[in-house]
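Engineer: Please see the structure below; I have some questions.
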Amino acid sequence: MRSLLHVCIPRWMRFSLALTAAVCLCSSALYAAAQDTISIGVVLPTSGREGKPGQYQKEGIELAIKKINDAGGVNVKGKKYQLKEVFYDDGSDSAKSVALTERAMSSDKVTAVIGGYSTALGEAEAVMPDRYQTPWITCGAGATSIFAHGYQYVFGTLSPVSVIGSTTAEFLGGLVDQGKLKKGLKIAMAVENTDHGIDYVNGIQQWIGKHPGYFSVVFNEKFELGSTDFSGLLQKVKSSRADIFLSDAHLQDYIVMHRQYLQSGMHHQMISYGARGPEADARKALGDGVNYIFSGIWWSSKLPYPQVKQFLADYKQFTGHDPDSWYAATAYDGLRILAAAITQAGSTDKTKIRDALRKVSLTDSLLPGGVLKFESNGQAGYPFVIVQNQPGGKVELVYPKSAATAAPIAPVP
Amino acid sequence: MNLPSTIKRLLPFLVLLVFFLLPSAGASTDVIRLLFTTFVWTITSVSWNLVGGFTGQTSFGFAVFYGLGAYTAGLMINAGYNPYFAFPAAAAVGLLASFLVGLPAFRLRGPYFAIATIGLTEAVRVIMSNLKITGGASGLSIVEHRVFQQTEHYYSALLALAMAVGISMLIADSRFGLALRAIRQDEDAAADIGVNPYMGKLWIHGIAAALTGIAGALHARYAVFVDPGGGPGGVFAFQTGISILLMPVIGGIGTIWGPVLGGAIFGIVEEELVVRFPSVHLLLYGILLILIILLEPDGLVGLLRKIFRRSSWKFSQSKA
Amino acid sequence: MTLQDLLDPLIAALLLAGVYAAMSAGMTIVYGVMKIVNLAHAGVMMLGAYFAYELFERFHLDPLVSAVLALPVFFAFGMAVHWLLVRWLPRSDQPTLSSLLLMFGFWLVLQNVASLIWKNEDRSINTSYTLTSWHFGDIAISKVRLAVFIAAVLSIVILQIGLKRSWFGKSIRAVIQNPYAAQIVGVDYDRTARLTFGLGTAFSGFAGVLLSMLYSFSPDFGRPFLLRSFVIIVLGGLESFSGVALGALVLALVETWSIQIPGVEASYQPAISYGLLVVVLLVLPKGIAGLLERRWRTG
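Protein chains in written order, with the numbering used here: chain V, 1 to 413; chain Y, 414 to 733; chain P, 734 to 1032.
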């Protein structure tokens, strides 16, 4: 109750102040930013449907802020600034995520905002950066549509989702070349009915179009996100008699669907849920049922870079647990590239930082390839890695070959 | 005419004037944004009250009109129409949709109507998030080739709200309003005295839906994005329908100012609650709803009225 | 299409119908006696799921055992809710809006208290038999679905027999048929209402445990099932359990088969059951009560 009073009153006061302002024509800027800090807005879901991944991204951002601040802060023309996080939990609610992004940009006067986990929330938020001319970086929305509007202040550290599709197809094609899978296998695809799912399907179909004879698509349908029951859809997949099952789903939908997949005794030579697969929650819910699922993801803890080893140690120390799939890494690098851009801009001016973001490249990136930079549309473009859940609770990096920690197990026994 | 009643009559205009002058008085962007959101919510609250309060038909389905209004505005603006054509168009679509809903659904009474509206919202949401023209589940991005002017949005919302409250006042004092109250109290008795309950419900529902459509259009034009809502926050989300219902119930259904009060509280407090206590704000609404149903069916306005009456009674007693 | 393609959805629909029937039973009985449309039904099912989850995580108790345990626990819970909230409602032989909104408020409370306790993330129960199935040739029957189906059918049969035989069951049926006449012949309405609400809640909790074996759940769990319960009880004519069973079967068949039609995308599946709710409500012009009246007049 005490805290309620403490936190609510300033807001109410500001509101009533504004009302009196109408009468006495005086306005006051209550929140004057301190001189030696740069505040960064962070708008992520840490509750609601996307609460788990959002929490991981928040941890990645906070770790990066802590490391930068511990090292003295961000260097702007020789002066060191401490980073300050202004965090809002949007509860996985798209309308609230927009309102809170706007609030961070207009009321908290942040220098930049990092936010937008999941494509739906990212698309909603992406409107605000240009309106308030404040750079915005999403570390959790990878659909190309967000970057197709010509927005000038929008950046994203996730490679396009369509590349997951083509990487997945390329990986499967490689298995055919190695003789692990037969040529001409039938693929069934069931994807979420968002731009994320559409991009994924496009990626796969483009690859198949360019490489005739490898695979044929016999089933391609979309499903409603957040459904409780996928048995009808799976029934249709079953009837299509496909050899390979490819889905693109969110974490919850992946768990619900795969549970029903296993219950109905289905089996395919290869199975994937897009960018989901190695999460600890899935293994907790489904046990060994998640074995052999492979997924195309933006980052894996198995990448053989020294900076990844360092990140793993730091993250474990910071949060007390290992990073779960890719979520924390893209957010960690999202903040780091922002800091690099501020240094490069040599200013805290938001437009100058935006200009710097277009040119900057993070050369010790955790992400595949080791270098993170933004393409002309604002979206990052680096290769994907493919990991597979293997027996014994292991998640192995199986593609690309140069970084692989284990051979892919194919077909699924 | 005595002084207090003159003040009472002028008060709404005074408040309107204050809100009208606010942006030029230098209110911050954030205050304007918050007030804009509050106005939009209050319009839906006032509209719902026409059906739920005056006429006694509980609907969980107002998100349908809100969402259709948003999509109409979005598609029209994208097609290059002036946004001020989009508002009446959104109202027209809301009206049309209300007939589609109302013509069959008002054959049902009370709770059956309420249940039907739950099913309807969900069905519309699923359909809208699978259509190509609406941008599917990813939502619809709106491109308006104008410079964003926050105060313009603010004034259009203020105007729409004033219109909604005005309509609600006009109806309350009219014969039509009396007929609606008769329907709420006893449909059969109302029919006996010459009121056609079916037509009454249909028309008031239409007016409310048109106003809600405008609210949706205002929201869409400001947010420049319409999310159909697989999760909360989408225009067709179950949560949206619930918010629209909670505001007038908390404020006091069947009154003019109850829904306004409910909407104002909701709009201003909601975001702060979400920011400070992300998981508790709906719990508070739940508890408030239970308390109001059991203890004070006339909502906060009823409560205020009681307090006011009691204190003035005491006051006059002590004078005597 | 092969025989298997026909049989698979049929079996799936049948197994689904069992759960659907169990989850609608609690709501039916509360409506029948008290004329309350119990929206909190969804919240109680969600609590049932977490009840099973906690017992499973802490004591490795099989959810089927938890289902039996849930009956007395949720019976007591229902009685408490009745004492605390429901008894203050004005009594009516018509469903009232205040009862609808009261139960809705209570649902909001349950949902948000649960999200405070268990956080807003999905949980699931993974027993040794959750993911396995029996194979009969090409046809696979999920063990857990079969177990849930049997439990659901058994519970409904026992409830039906219990209501036929016991004094309490007779008083419930008397109140459903005519609350005034029932009181004249010595049925204590308030006591019957209290016990009925307890029984209905017990069944909702029981159904929640069964659902927790099939699906993962979060505090928002229950809303899609609440809507399906509406469809079922409206289809079944509200007061009889055989009607509920029939309604459940119809809904399960429609849901499973509708998207097998070529050209109907799976993403439309939820719209079909929600749409069915609206259609069913409308086909009975006076709503549920109209059908009830007709039933009493003819039988």
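Note that CB positions come from ideal geometry on N, CA and C, so glycine has one too.
Less than 8 Å separating the beta-carbons of residue 387 (chain V) and residue 297 (chain V)?
Structural biologist: It is a contact, given that the beta carbons lie within the stated cut-off.
Engineer: Excluding five sequence neighbours on each side, which residues of the same chain lie with their C-beta closer than 7 Å to the C-beta of residue 261 (chain V)?
Structural biologist: Only 234 meet the Cβ criterion.
Engineer: Along the segment 498–519 of chain Y, where does the CB come closer than 8 Å to a CB of chain P? Name the residues.
Structural biologist: So the close ones are 517, 518.
Engineer: Taking buried to mean at least 16 other C-beta atoms within 10 Å of its own C-beta, is residue 900 (chain P) buried or exposed?
Structural biologist: Looking at its Cβ environment, which holds fewer than 16 other Cβ atoms inside 10 Å, residue 900 (chain P) is exposed.
Engineer: Using a Cβ-Cβ cut-off of less than 7 Å, list which residues of the segment 528–554 of chain Y approach chain V; keep chain order.
Structural biologist: Residues 539, 542, 543, 549, 550, 551, 552, 554.
Engineer: Taking only beta-carbon positions, decide if residue 999 (chain P) is within less than 8 Å of chain V.
Structural biologist: Cβ-Cβ to chain V under 8 Å: yes for residue 999 (chain P).
Engineer: I'd like to confirm the pairing. Which residues does DSSP put opposite residue 351 (chain V) in its beta bridges?
Structural biologist: Partner(s): none; residue 351 (chain V) has no beta bridge.
Engineer: Quick one: Cα of residue 423 (chain Y) to Cα of residue 452 (chain Y), how far?
Structural biologist: Between residue 423 (chain Y) and residue 452 (chain Y), the C-alpha separation is close to 20 Å.
Engineer: So residue 146 (chain V) and residue 335 (chain V) are in contact, right, with Cβ under 8 Å, and what is the actual spacing, rounded?
Structural biologist: Going by Cβ atoms, the distance from residue 146 (chain V) to residue 335 (chain V) rounds to 19 Å, so no, they are not a contact pair.
Engineer: Please check the pair residue 472 (chain Y) and residue 536 (chain Y), which I expect to be a contact at CB under 8 Å, by giving their CB distance rounded to whole angstroms.
Structural biologist: No, residue 472 (chain Y) and residue 536 (chain Y) are not in contact; Cβ-Cβ is about 15 Å, not under 8 Å.
Engineer: Can you tell me whether DSSP reads residue 24 (chain V) as helix, strand or coil?
Structural biologist: Summary for residue 24 (chain V): the model assigns pLDDT 39, below 50, so the residue's position carries little reliability, and this model does not support an answer.
Engineer: Would residue 1 (chain V) count as contacting chain Y if we go by Cβ distances under 8 Å?
Structural biologist: Model confidence at residue 1 (chain V) stands at a pLDDT of 37, short of 50, so the residue's coordinates are unreliable and nothing is read from them.
Engineer: Can at least three beta-carbon pairs, one atom from the segment 651–668 of chain Y and one from the segment 510–521 of chain Y, be found at a separation below 8 Å?
Structural biologist: The segment 651–668 of chain Y vs the segment 510–521 of chain Y: no contact.
Engineer: Starting from the C-beta of residue 432 (chain Y), find all residues in its chain whose C-beta is less than 6 Å away, skip the five residues before and the five after it, and write them out in chain order.
Structural biologist: These residues qualify, in order along the chain: 571.
Engineer: Taking DSSP as the reference, what is the three-state secondary structure of residue 149 (chain V)?
Structural biologist: Looking at residue 149 (chain V) - three-state DSSP - the assignment turns out to be coil, as it is neither helix nor strand.
Engineer: Between residue 356 (chain V) and the rest of its own chain, which residues show a CB-CB distance below 6 Å, the 5 nearest in sequence each way excluded?
Structural biologist: Answer for residue 356 (chain V): 341, 344, 345, listed in chain order.
Engineer: Count the other CB atoms within 10 Å of the CB of residue 671 (chain Y); is the residue buried (16 or more) or exposed (fewer)?
Structural biologist: Counting Cβ neighbours within 10 Å, residue 671 (chain Y) comes out buried, since at least 16 surround it.
Engineer: Does chain V have any CB closer than 8 Å to the CB of residue 878 (chain P)?
Structural biologist: Yes, residue 878 (chain P) lies at the interface with chain V (some Cβ there is under 8 Å from its Cβ).
Engineer: To be precise: take each residue of the segment 437–460 of chain Y, compare its Cβ to all Cβ atoms of chain V, and keep it if any distance is under 8 Å. Which residues remain?
Structural biologist: Taking 8 Å as the Cβ-Cβ cut-off against chain V, the residues of the segment 437–460 of chain Y that qualify are 438, 439, 440, 441, 442, 443, 444, 446, 447, 450.
Engineer: Cβ closer than 7 Å: which chain Y residues qualify as neighbours of residue 93 (chain V)?
Structural biologist: Those within 7 Å of residue 93 (chain V) in chain Y are 644, 645, 646.
Engineer: Taking CB distances under 8 Å as the criterion, tell me whether residue 902 (chain P) reaches chain Y.
Structural biologist: No, no contact with chain Y.
Engineer: By Cβ distance below 6 Å, which residues in the same chain neighbour residue 60 (chain V) in space, the five residues on each side in sequence not counted?
Structural biologist: Correct list, in chain order: 328, 331, 332.
Engineer: Sorted by chain position, which residues of the same chain lie with C-beta nearer than 8 Å to residue 942 (chain P)'s C-beta, five sequence neighbours on each side aside?
Structural biologist: Within the same chain, residue 942 (chain P) has close Cβ partners 781, 782, 784, 785, 796, 799, 800, 803.
Engineer: Taking 8 Å as the CB-CB limit, is residue 47 (chain V) close to chain P?
Structural biologist: Interface residue, yes.
Engineer: Between the segment 473–493 of chain Y and chain P, which residues of the former have a C-beta closer than 9 Å to a C-beta of the latter?
Structural biologist: So the list reads 473, given in the order they occur along the chain.
Engineer: Using a beta-carbon distance below 8 Å, is residue 657 (chain Y) in contact with chain P?
Structural biologist: No, residue 657 (chain Y) does not count as interfacial toward chain P.
Engineer: Going along the chain, which residues of the segment 677–699 of chain Y sit with their C-beta nearer than 7 Å to a C-beta in chain V?
Structural biologist: So the close ones are 681, 684, 685, 687, 688, 689, 691, 692.
Engineer: Could you tell me which residues DSSP pairs with residue 189 (chain V) in its beta bridges?
Structural biologist: According to DSSP, which records beta bridges pairwise, residue 189 (chain V) is partnered with V:220, V:246.
Engineer: Verify whether the separation of the beta carbon atoms of residue 230 (chain V) and residue 1000 (chain P) is less than 8 Å.
Structural biologist: Cβ distance not < 8 Å, so residue 230 (chain V) and residue 1000 (chain P) don't count as in contact.
Engineer: Using 8 Å as the cut-off, can you tell me whether the segment 608–623 of chain Y makes contact with the segment 441–450 of chain Y, which would need three or more C-beta pairs spanning the two stretches below that distance?
Structural biologist: They do not touch, by the three-pair rule.
Engineer: From the DSSP secondary-structure annotation, give me the bridge partner or partners of residue 136 (chain V).
Structural biologist: For residue 136 (chain V), which the question treats as bridged, DSSP gives the partners V:113, V:154.
Engineer: If you compare alpha carbons, which of P:991, P:897, P:955 is closest to residue 779 (chain P)?
Structural biologist: Answer by Cα proximity: P:955.
Engineer: Grab the span of the beta strand (DSSP E) containing residue 82 (chain V) for me, first residue to last.
Structural biologist: That run of the beta strand (DSSP E) goes 79–89.
Engineer: Does residue 830 (chain P) come within less than 8 Å of chain Y when only Cβ atoms are used?
Structural biologist: Chain Y, which has a Cβ nearer than 8 Å to the Cβ of residue 830 (chain P), makes this yes.
Engineer: Which ranges does the beta strand (DSSP E) cover as unbroken runs of at least 3 residues, wholly within the segment 230–307 of chain V, from first to last along the chain?
Structural biologist: Complete beta strand (DSSP E) runs here, min 3: 244–248, 270–272, 294–297.
Engineer: Quick one: list the residues of chain Y neighbouring residue 103 (chain V), beta-carbon separation under 7 Å, in chain order.
Structural biologist: Those are 443, listed as they occur along chain Y.
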